[in-house]
Amino acid sequence: MLTVKDLVVNYGAIQAVKKVSFEIHTGEIVTLIGANGAGKSTILKTISGILHPVSGEIIYQDRPLKKVTAPKIVRAGISQVPEGRHIFPGLSVQENLQMGAFLRTDRTAISKTYDDVYHYFPVLKQRRHQDAATLSGGEQQMLAMGRALMAKPQLMLLDEPSMGLAPIFINEIFDIIKAINAAGTTVLLIEQNANKALAIADRGYVLASGQIKLSGTGTELLANTAVQKAYLGG
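Going by the numbering used here, the first residue of the sequence shown is number 1059, and it counts up by one from there.
Here's what the structure looks like:
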């Protein structure tokens, strides 16, 4: 579904991503783990068209994305849930979800997508007329995920979905990620909670200083001594 090959991305004079290569197959959950500053979020923003690479290739369903604009990437089937949620304060929950469907033209099918989102996140239906800014952190994360689902993505990019959440919400968010994947959405997950991420991932990649240092199945990386020491508290 997605191939990233020899990707190089700079922030000013700093090379944040250094010839990174990885693949995502249809139906998978793939996770990128690593410390802050490893280049994880930069990779997601580059796939989404928010940042532009210096060199390398991003191929999505046989289509090069390197020069494709962010709106066209969303239309092609890629949605991102940004780090920090970035919901729209002053708009209701329902209006935030509407923003996720802004680029869709299949208006008759949008109501079905609302039903799907409210199935995953019943609390959002209960609060659909409430100002999104008044939601708890966990509820705002659910709203950010629901907003991304409104675009009807084939590939969802999740950037630190558990950041700042209470444990009860973290467990719920990861259960919902699994359910969304089981329903047919491929997932690329960036997550500080390496234990949780690797436990649900089909495959994972470990990044350090803008480079991939290790890769394997989620199970293999959970059992890897170096990964345990660096990221799992082992």
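We put the CB at the ideal spot given by N, CA and C, even for glycine.
{"query": "Three-state secondary structure (DSSP) of Leu1272", "result": "strand"}
{"query": "Inside the stretch 1126-1153 only - alpha helix (DSSP H) runs reaching at least 4 residues", "result": "1128-1134"}
{"query": "Simplified DSSP assignment, three categories, for Glu1218", "result": "coil"}
{"query": "Residue from Leu1182, Ser1137, His1177 and Tyr1178 whose Cα sits closest to the Cα of Val1151", "result": "Leu1182"}
{"query": "Beta-carbon proximity list for Ala1074, same chain, < 6 Å, skipping 5 on both sides", "result": "Val1067, Gly1097, Thr1100 and Gly1268"}
{"query": "Presumed contact (8 Å Cβ cut-off) between Ile1228 and Asn1251, rounded CB distance", "result": "7 Å"}
{"query": "Neighbourhood of Asn1282 by C-beta, 8 Å cutoff - its chain only, sequence neighbours within 5 removed", "result": "Leu1272 and Gly1274"}
{"query": "Assigned secondary structure, Lys1076 (DSSP; H/G/I helix, E/B strand, else coil)", "result": "strand"}
{"query": "Host beta strand (DSSP E) of Lys1063 (start-end)", "result": "Leu1060 to Tyr1069"}
{"query": "Contact the stretch 1078-1094 vs the stretch 1123-1136: 3+ CB pairs below 8 Å", "result": "no"}
{"query": "Residues near Ala1223 by beta carbon distance below 8 Å, same chain, minus five either side", "result": "Before going on, a small fix: residue 1223 reads as Leu here, not Ala. Result list for Leu1223: Gly1195, Gly1196, Gln1199 and Ile1231, in chain order."}
{"query": "Limits of the unbroken alpha helix (DSSP H) element including Ala1243", "result": "Checking the sequence, you will find Thr at residue 1243 rather than Ala. Premise fails: Thr1243 is in no alpha helix (DSSP H) and is neither H nor E."}
{"query": "7 Å Cβ shell around Leu1201 - same chain, five flanking residues per side excluded", "result": "Ile1145, Val1151, Asn1154, Leu1182, Ala1190 and Leu1193"}
{"query": "Where Ser1137 falls, given that 16 or more other Cβ within 10 Å makes a residue buried", "result": "buried"}
{"query": "Residue range of the unbroken alpha helix (DSSP H) whose run includes Ala1202", "result": "Gly1195 to Leu1207"}
{"query": "Assigned secondary structure, Gly1092 (DSSP; H/G/I helix, E/B strand, else coil)", "result": "coil"}
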